[in-house]
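Everything below concerns the one structure shown next.
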Amino acid sequence: MTQDFPRIPSYVIFDEVGRRRYRVGAPTRNDPDAHYDWSADNSREIDSGLIRKADSMAELAGLIGVAPDVLEETLSRWNGMCASKKDDDFGRPSGTMMKIQRPPFYAGEVWPVVSNTQGGPRPRPAPAHRRRRRQP
194 MTQDFPRIPS YVIFDEVGRR RYRVGAPTRN DPDAHYDWSA DNSREIDSGL
244 IRKADSMAEL AGLIGVAPDV LEETLSRWNG MCASKKDDDF GRPSGTMMKI
294 QRPPFYAGEV WPVVSNTQGG PRPRPAPAHR RRRRQP
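When we follow the numbering used here, the leftmost residue of the sequence shown carries the number 194, and every step to the right adds one.
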């Protein structure tokens with residue numbers, strides 16, 4: 194069996210306003226030896242190539258292997274939802290939506306991650322009526 198995941202990796206796309214606003218990544222981990230401090234303005238990640246930078250959306254599309262017209266359509270749709278303050282796709286709160294319009298533009302890969310839960314959720318104790326039946 195061959196599996197095909199055409200949308201992995203996905204990409205987080207943002208502009209210069211978004212880059213300056215906050216850290217795009219905040220890695221979490223349960224391994225104290227796997228430590229990474231994300232830079233406050235994302236500049237170290239851009240310099241290292243972790244985040245790709247382009248002066249136009251068409252150039253960014255080329256860097257991430259996406260058809261330029263598809264990326265432009267996606268951007269246009271997103272900016273329209275930002276203007277209407279309504280995320281028709283995922284119901285994102287309007288206060289968290291920002292137009293992507295001021296170059297340079299940036300893209301970072303997003304990959305699915307599985308966390309190791311060491312056994313899963315904690316079970317609830319048995320209800321009181323079940324505990325009473327088990328007692329002599």
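Where is the CB? At the ideal position from N, CA and C, for every residue including glycine.
When every heavy atom of the ligand ATP is checked, does at least one fall within less than 7 Å of the C-beta of residue i?
i	result
residue 233	In terms of ligand content, the structure shown is empty, and the ligand ATP therefore cannot be addressed.
Hey, could you find the ends of the beta strand (DSSP E) residue i is sitting in?
i	result
residue 212	From DSSP, residue 212 is part of no beta strand (DSSP E) but of the alpha helix (DSSP H) over 209 to 214.
Taking only the alpha-carbon atoms, compute the straight-line gap between residue i and residue j and give it to the nearest angstrom.
i	j	result
residue 275	residue 282	12 Å
residue 259	residue 194	26 Å
residue 227	residue 220	10 Å
residue 272	residue 225	40 Å
residue 251	residue 212	19 Å
residue 293	residue 232	21 Å
residue 242	residue 218	14 Å
residue 288	residue 278	8 Å
residue 253	residue 296	11 Å
residue 263	residue 215	27 Å
residue 261	residue 306	28 Å
Throw me the rounded Cβ distance for the residue i and residue j pair, which I believe falls under 8 Å.
i	j	result
residue 210	residue 290	Not really, about 13 Å apart at Cβ, beyond 8 Å.
residue 270	residue 256	That pair is no contact at about 21 Å.
residue 300	residue 206	5 Å
residue 204	residue 265	About 14 Å separates the two Cβ atoms, so there is no contact after all.
residue 230	residue 298	Contact doesn't hold; Cβ gap of about 25 Å is too wide.
For this session: Please confirm if the region 196 to 205 is in contact with the region 221 to 239, defined as three or more CB-CB distances below 8 Å between the two stretches.
Result: No: fewer than three Cβ pairs fall under 8 Å.
For this session: Please list the segments of the alpha helix (DSSP H) lying wholly inside the region 226 to 297, counting only runs of 4 or more residues, in order along the chain.
Result: Complete alpha helix (DSSP H) runs here, min 4: 236 to 241, 250 to 257, 261 to 277.
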